[in-house]
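Chemist: Encoded as structure tokens, here's the structure I'll be asking about.
There are 2 protein chains.
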Amino acid sequence: MRPRCYTALHPFLKMRTTLRKLLGIGLVSGVLLTLFYWWVPGDDSTVDIGTRHGDTIEKLLEKTYKDILSSYPDISYHIKDNVAGHLALNMCVCETEKETIRNRLPYSNLLFPRVWAQNLQLAFLGNNEDPEGVKSRRSQEYNGFRRRTSTPSDVLIVAEANSPLQYPTQGVEVRPLKTIIIPGLGLKENPRSRHMVNLSAELGVFDVAATVDEVTVIGAGEKSMVISSPLLLSLNRQLQFVTYTNTLFHPSTADTVQFATDRHRSVFTIKVRHGIIPKLYNSRSSGEYNISALVTIATKTLLRYDKLQELIDSIREFYPTVTIVVADDNQHPRPVTGPHVEHYIMPFGKGWFAGRNLAVSQVSTKYVLWVDDDFFFTASTNLEKMVDILEKTTLDLVAGGVREVTGYTATFRHTISVDEGGDEGDCLHIRKGYHHAIEGFPNCVVADAVINFFMGRTDKVRQVGFDPRMARRGHLEFFIDGLGSLHIGSCSDVIVNHASKIRLPWTKTDNDKAYEKFRYSLTTDERKASDEVYYFKNRFKCMSAN
Amino acid sequence: MRPRCYTALHPFLKMRTTLRKLLGIGLVSGVLLTLFYWWVPGDDSTVDIGTRHGDTIEKLLEKTYKDILSSYPDISYHIKDNVAGHLALNMCVCETEKETIRNRLPYSNLLFPRVWAQNLQLAFLGNNEDPEGVKSRRSQEYNGFRRRTSTPSDVLIVAEANSPLQYPTQGVEVRPLKTIIIPGLGLKENPRSRHMVNLSAELGVFDVAATVDEVTVIGAGEKSMVISSPLLLSLNRQLQFVTYTNTLFHPSTADTVQFATDRHRSVFTIKVRHGIIPKLYNSRSSGEYNISALVTIATKTLLRYDKLQELIDSIREFYPTVTIVVADDNQHPRPVTGPHVEHYIMPFGKGWFAGRNLAVSQVSTKYVLWVDDDFFFTASTNLEKMVDILEKTTLDLVAGGVREVTGYTATFRHTISVDEGGDEGDCLHIRKGYHHAIEGFPNCVVADAVINFFMGRTDKVRQVGFDPRMARRGHLEFFIDGLGSLHIGSCSDVIVNHASKIRLPWTKTDNDKAYEKFRYSLTTDERKASDEVYYFKNRFKCMSAN
Chain A
2 MRPRCYTALH PFLKMRTTLR KLLGIGLVSG VLLTLFYWWV PGDDSTVDIG TRHGDTIEKL
62 LEKTYKDILS SYPDISYHIK DNVAGHLALN MCVCETEKET IRNRLPYSNL LFPRVWAQNL
122 QLAFLGNNED PEGVKSRRSQ EYNGFRRRTS TPSDVLIVAE ANSPLQYPTQ GVEVRPLKTI
182 IIPGLGLKEN PRSRHMVNLS AELGVFDVAA TVDEVTVIGA GEKSMVISSP LLLSLNRQLQ
242 FVTYTNTLFH PSTADTVQFA TDRHRSVFTI KVRHGIIPKL YNSRSSGEYN ISALVTIATK
302 TLLRYDKLQE LIDSIREFYP TVTIVVADDN QHPRPVTGPH VEHYIMPFGK GWFAGRNLAV
362 SQVSTKYVLW VDDDFFFTAS TNLEKMVDIL EKTTLDLVAG GVREVTGYTA TFRHTISVDE
422 GGDEGDCLHI RKGYHHAIEG FPNCVVADAV INFFMGRTDK VRQVGFDPRM ARRGHLEFFI
482 DGLGSLHIGS CSDVIVNHAS KIRLPWTKTD NDKAYEKFRY SLTTDERKAS DEVYYFKNRF
542 KCMSAN
Chain B
2 MRPRCYTALH PFLKMRTTLR KLLGIGLVSG VLLTLFYWWV PGDDSTVDIG TRHGDTIEKL
62 LEKTYKDILS SYPDISYHIK DNVAGHLALN MCVCETEKET IRNRLPYSNL LFPRVWAQNL
122 QLAFLGNNED PEGVKSRRSQ EYNGFRRRTS TPSDVLIVAE ANSPLQYPTQ GVEVRPLKTI
182 IIPGLGLKEN PRSRHMVNLS AELGVFDVAA TVDEVTVIGA GEKSMVISSP LLLSLNRQLQ
242 FVTYTNTLFH PSTADTVQFA TDRHRSVFTI KVRHGIIPKL YNSRSSGEYN ISALVTIATK
302 TLLRYDKLQE LIDSIREFYP TVTIVVADDN QHPRPVTGPH VEHYIMPFGK GWFAGRNLAV
362 SQVSTKYVLW VDDDFFFTAS TNLEKMVDIL EKTTLDLVAG GVREVTGYTA TFRHTISVDE
422 GGDEGDCLHI RKGYHHAIEG FPNCVVADAV INFFMGRTDK VRQVGFDPRM ARRGHLEFFI
482 DGLGSLHIGS CSDVIVNHAS KIRLPWTKTD NDKAYEKFRY SLTTDERKAS DEVYYFKNRF
542 KCMSAN
């Protein structure tokens, strides 16, 4: 009786040999291909990415910090008001400037512009049918934002005094999943029968790149490693070879390392991140600045083709080959042509910031120059000066001046600051003025917001972006969104002219009237949209300005 | 004889009193107005922003670090190859995988995809008429980039052992031009006749928020302050009130503080920066996800209006009101209409990434979904799943799978890493695969590059951007530009279908032929442009992939 398997295989065994070989190869190939489809290299571990890492360490550090601060309760002190008054209390309040005699003088508003404050919370929630819902959603969105942006490398760590531990407190970095030697580890204590240190981490493992005689290493390759030796010098030599390998992947985070003896503990962080990938531009220019290779001019147009054409003609007088990008959301678009002119047609009325965002999204040169469609160039519109300051300093953006037909040149320089305000949101402060002058560039200063005639590094301007939610109006919103990421300058000697806005009613064309109606009549919805941007999007409770 | 001034003023004095008053007021007003035009609040100091701050401290720290590392030369060690081999040497080399027996097996490329490497330096400079000029320009651009992006808070600092100083090593921040109390300062030494510490900074000044009896403070309000007392406890109480005020404006920098006694010195940094301003979206949805309020679909089209219409129709079957943004660079654009469809017309052939950048620049919802114009939705194209993972984790972008007509679903998961390579540039490594699975989301993993069907946080996608310099082709470039800033996932259970690419030659329409000719025939110029992006823009010398 043949075995069952033999009976099953019988037809196969009866086939000719070559056919069998072919079928065999086919079967093996099929298996291999199936394996290939399903097998993709990857770590089989599962990671929870819904929560932040490092919470345990943070609580530990908080407790240590509280202990430090609560010492010396018996020693009294006398507050120094002029200093204590400047301390940020994390609870900013929304206050208009009080009435004073100074405010009541004639022309006082010119010399001492009064500060007004708007309580955004009242303004936005007051008109809303579901204020509690809005507050709750904003809080939720903000928590998600904090979860994504906070990092263990911002947590307060205090170094213990009189600790025998030597360790790096800053500057240790490793690229994700890579290995480094941890620099600067050491133990400086009196001789003992056995010197011992331990290291522990959360997102990686330790090892040693070299071993030293008479030193014991336990836990090499793990998250917790102990090094000990009767000889202090040998232990310290060993500590020069301690390595850290990041094993839990994250593109940008930090691991908190504890380095301790039996009686002392130190804590430091290792940043886990890629290096910043540069975005460099090959401008192919040497000697004088080749404006066409370095700069693209960007603008948005609506209902003012005549002024736009004047702008383009005036640019061509001085910069015949510079590329001009035009974003156009007219209802009935007309061709805008010419060499080096790029015309983009948008849905009707899509909006001001949408148009600005579109225009800068198309720029392929190192710098982008923003102009309004009713500007025009003159001999004072010296773009080389703007390029020069951007090439030679750390500025990301530099504005010029806009000269009105009256001769008055506006620079709209403002400084911006934000005070923390707790759960209700922060307080935004906008003041006329600038921070300081720039050495080597007379007529130039540093500020936080400037006028709408500026040249910026294309990638930095795009990174901040012009929020398409700002449909009719918007200017400061760009600078608020850019706070902290843009280093901004303003030079009063690079001037563009502004086509006259001063028109007697009977001289206005139909175009002018249509434009004014569209541009300057803010509906209630649009005012609400503006409040929403400050209250919800940027999470302010108060805004003050002068 | 009347004085000359009287003679000069005579006509004025003869005028009537009221007229005199009016003229007087006019004169004063004129002076005030002139003053107003010229006086804008601002610090009169001039600051050099062409160079980095903190160079002096860095040199000092470098020297300290060198001393630490050169100790113990007499103690020998034995290298542990398997660990030392993983250390980043900062001098990556460009190597194709060696020929081995494994590589020669049939199907070896399926099971063990071979790694190829391209020496970008040779490829790009080899075809260039001015290689030295290119290298020099790239080096110059890179130096400018480093000057703008490096900060004193990345410099290596090592804490001294057995120092009586207690101080914060991490987590101290102040907003520009504001004041904080420096937490955690202390001195723990044996009794002496006089205990003394000094503090010094470069970008700000010290003071005390409160004074303590029997403690002398010299230099309050200056960059260098000395605190001394015969009583150690009082000195420590005083140290609890030390304040730091940033005085040299910069939107994002760090000040290096030295805190020392006569025999010991510690160094720590205070970050000077604005808080990150959030960009929150009020999606007005609760309970189920309102896709139209949360997501905008973006695509770019060229020569495939028929496929585009099929895509739009298929979307409408499942998401009737979601906004669809279409960027169109056809030579002869045709209307693309319908409710919630936004059509943008670009200059002919402006390009693939330019179109992608345009489309995402117009999105005003929290998330943006990228689709190619030849995709179509089915019941498996479950956008709610994508929104769910983005809402609940720290992912910035999640891709799905693209199903071909054969039934094969591609996810194109890759990991990316960069090794430092010195002055010649870095080495870019791209490998098929992913990092790890995601807890709570079966079928989802974390990777660094994914397929072209993904949903992302609009602001994060825009911050990375699609470089308009990539005209014909481009995919990985987006993920390379995003390395370190995007946390990327891939879920194989959200699927979009791909209209068939498999066409027998005689069934191709004129459209298909025109598209293939345009899309797939890379000219020499375009190949050079691609090399330029990797070699110059991102500063790589080598690229390897499998």
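Chains as they are written, first to last, in the working numbering: chain A, 2 to 547; chain B, 2 to 547. Think of the CB as a built atom: it goes at the ideal place given N, C-alpha and C, for glycine as much as any other residue. Remember, it's a predicted structure, so these values are computed and weren't measured experimentally.
1. Looking at chain B, which residues of the segment 192 to 214 of chain A have a Cβ within less than 7 angstroms of any of its Cβ atoms?
2. When the cut-off is 7 angstroms and only beta carbons count, does B/P279 lie next to chain A?
3. What separation, rounded to the nearest whole angstrom, lies between the Cα atoms of A/P4 and B/M544?
4. So for B/R274, helix, strand or coil by DSSP?
5. Checking 7 angstroms against the spacing of the C-beta atoms, do B/I316 and B/F250 come in under that value?
6. Look at the alpha carbon of A/Y7 and the alpha carbon of A/G31, and state the distance between them as a whole number of angstroms.
7. Check the Cβ of B/I292 against every Cβ in chain A and list those closer than 7 angstroms, keeping chain order.
8. Is there a Cβ from chain B that is less than 7 angstroms from the Cβ of A/V273?
9. Just to confirm my understanding: we take A/M2, look at its own chain, exclude 5 residues before and 5 after, and list those with CB closer than 6 angstroms. What are they?
10. Taking only runs that begin and end inside the segment 106 to 158 of chain A, name each unbroken beta strand (DSSP E) of 3 or more residues, in chain order.
11. Give the DSSP-derived three-state secondary structure of A/M544 in the structure shown.
12. Run through DSSP, which three-state label would A/L398 get?
13. Would you mind sorting B/D214 into buried or exposed? The rule is 16 or more other CB atoms within 10 Å of its CB.
14. Around the C-beta of B/L24, are 16 or more other C-beta atoms found within 10 angstroms, so that it is buried, or is it exposed?
15. Within the segment 181 to 261 of chain B, note down every full beta strand (DSSP E) run reaching 3 residues or more, in order along the chain.
16. Could you pull the start and end residues of the alpha helix (DSSP H) that A/A355 belongs to?
17. Name, please, each residue of chain A whose Cβ falls closer than 8 angstroms to the Cβ of B/L139.
18. Using Cβ-Cβ distances below 7 angstroms, what residues of the segment 471 to 485 of chain A are close to chain B?
19. Is B/F377 helix, strand or coil by DSSP?
20. Output yes or no for whether 7 angstroms exceeds the beta carbon distance between A/L429 and A/F541.
21. When you compare only the Cα positions, how much space is there between B/K224 and A/P169?
22. Using only the alpha-carbon positions, how far apart do B/F454 and B/I278 sit?
23. What's the call for B/S194, buried or exposed, on a 16-neighbour Cβ count within 10 Å?
24. For the segment 69 to 85 of chain A and the segment 451 to 465 of chain B, state whether three or more C-beta atom pairs, one from each stretch, are separated by less than 8 angstroms.
25. Can you give me the Cβ contacts of A/P177 inside the same chain, cut-off strictly under 8 angstroms, excluding the 5 residues immediately before and after it?
26. Please name the residues in the segment 293 to 304 of chain B whose beta-carbon is closer than 8 angstroms to at least one beta-carbon of chain A, in chain order.
27. Is the number of C-beta pairs between the segment 437 to 452 of chain B and the segment 388 to 408 of chain B that are closer than 8 angstroms three or more?
28. Can you find a CB in chain A that lies within less than 7 angstroms of the CB of B/E385?
29. By a C-beta neighbour count over all protein chains shown, 10 Å radius and 16 as the cutoff for buried, is B/L28 buried or exposed?
30. Is A/V1 helix, strand or coil when you go by DSSP?
31. Just to confirm the assignment, what range does the beta strand (DSSP E) spanning B/Q167 have?
32. Evaluate B/D424 with the Cβ neighbour count: other Cβ atoms within 10 Å of its Cβ, from every protein chain shown; 16 or more gives buried, anything less gives exposed.
33. Look up B/R317 in the DSSP assignment and say whether it is helix, strand or coil.
34. Measure from the alpha carbon of B/H499 to the alpha carbon of each residue in B/G422, B/D373, B/G441 and B/L487, then state which is nearest.
35. Going by alpha carbons, who is nearest to A/L126 out of A/N283, A/S137 and A/I271?
Modeler: Considering the structure as presented:
1. D208, V209, A210, A211, T212 and V213
2. yes
3. The pLDDT assigned to A/P4 is 48, lower than 50, so where the model puts this residue is not dependable, and the model offers no usable value.
4. strand
5. no
6. For A/Y7, the pLDDT reaches just 48, beneath the cut-off of 50, and the residue's location in the model is therefore unreliable, leaving the point undetermined.
7. The premise fails here: B/I292 is roughly 17 angstroms from chain A at the closest Cβ pair, so nothing lies under 7 angstroms.
8. no
9. Low per-residue confidence applies at A/M2: pLDDT is 49, beneath 50, and the placement is therefore not dependable, though the value from the model is reported in the following sentence. Contacts found: none.
10. 117 to 120
11. strand
12. strand
13. exposed
14. exposed
15. 196 to 201, 205 to 209, 217 to 219, 225 to 230, 243 to 247 and 253 to 261
16. W353 to S362
17. Per the sequence shown, residue 139 of chain B should be read as Arg rather than Leu. Residues of chain A passing the Cβ test: L281 and N283.
18. I481, D482, L484 and G485
19. strand
20. yes
21. 26 angstroms
22. 29 angstroms
23. exposed
24. no
25. N247, F250, H251, P252, V273, R274 and H275
26. none
27. yes
28. no
29. exposed
30. Lying outside 2 to 547, the shown extent of chain A, residue 1 of chain A is not represented and no answer is given.
31. L166 to Q171
32. exposed
33. helix
34. B/D373
35. A/S137
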